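Chains as they are written, first to last, in this note's numbering: chain A, 6 to 120; chain B, 7 to 116.
To start, the structure under review is shown below, and the notes come after it.
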């Protein structure tokens with residue numbers, strides 16, 4: 006079946022502009038993570054969605070970042086008033102949760118460059 | 007302060023060598039994951055461990071909960087194993103949140 010898709014694959018934007026990144030997870034996966042990978046840095050947790058529960062937003066670095074997951078499927082990550090330090094690869098992971106098992110399937114990522 | 011530390015940061019091996027990558031963590035965890043990131047950037051989940059040992063093909067992952075340590079072993083290494091290997095732990099206290107190591111870059115030379 007289809008894997009996780011993300012769009013756009015690359016985004017170059019000017020400082021101060023808003024951007025919206027999209028993730029299409031695997032059908033039937035109730036959980037979804039957003040991560041950020043800055044150049045030379047490890048992966049950083051941003052936000053977690055599980056079913057209809059309130060999302061865990063504890064990893065969002067500032068109030069310029071927000072995310073939604075509509076209908077338990079597609080998710081969008083929005084960054085307002087982008088800054089140069091927002092430049093990174095943004096990854097989403099469609100996650101199959103079964104008991105204590107978390108099987109994560111990563112999307113290809115969106116490379117964001119803020120100029 | 008890094009909740010997850012990996013070693014070595016970089017590793018070069020000859021084809022056929024046995025490889026070990028280490029991961030130590032400082033938080034209570036519900037599970038530990040090993041991920042593989044290929045040069046093109048794609049990330050694949052290799053293992054999820056909460057205890058003991060798992061094996062998949064030439065890959066073996068072990069975890070010692072008491073010592074807060076995990077190892078990823080690759081037997082009979084091959085150039086196609088060249089990738090960045092990332093250790094990630096799911097925090098027991100925060101439930102959903104993952105902490106990641108900075109990765110071990112492995113190059114296997116033919």
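Positions of the beta carbon are idealized from the N, C-alpha and C atoms, including for glycine.
Because the structure is a prediction, the values reported are computed rather than measured.
| Query | Result |
| --- | --- |
| Environment of residue 96 of chain B [buried if 16+ CB atoms lie within 10 Å] | buried |
| Anticipated Cβ contact below 8 angstroms, residue 42 of chain A with residue 112 of chain A, distance rounded | About 12 angstroms; that fails the 8 angstroms criterion. |
| Own chain residues within Cβ distance below 8 angstroms of residue 98 of chain B, not counting five before or after | 33, 34, 35 and 36 |
| Nearest neighbour of residue 23 of chain A, chosen from A/76, A/39, A/89 and A/34 [CA to CA] | A/89 |
| Min CB distance residue 50 of chain A to chain B below 8 angstroms | yes |
| Chain-ordered neighbours of residue 15 of chain B on chain A, where CB pairs are closer than 8 angstroms | Simply none; closest approach about 11 angstroms. |
| Beta bridge counterpart(s) of residue 72 of chain A as assigned by DSSP | A/82 |
| Distance, residue 115 of chain B Cα to residue 21 of chain B Cα | 6 angstroms |
| CB contact flag (residue 75 of chain A, residue 25 of chain A, <8 angstroms) | no |
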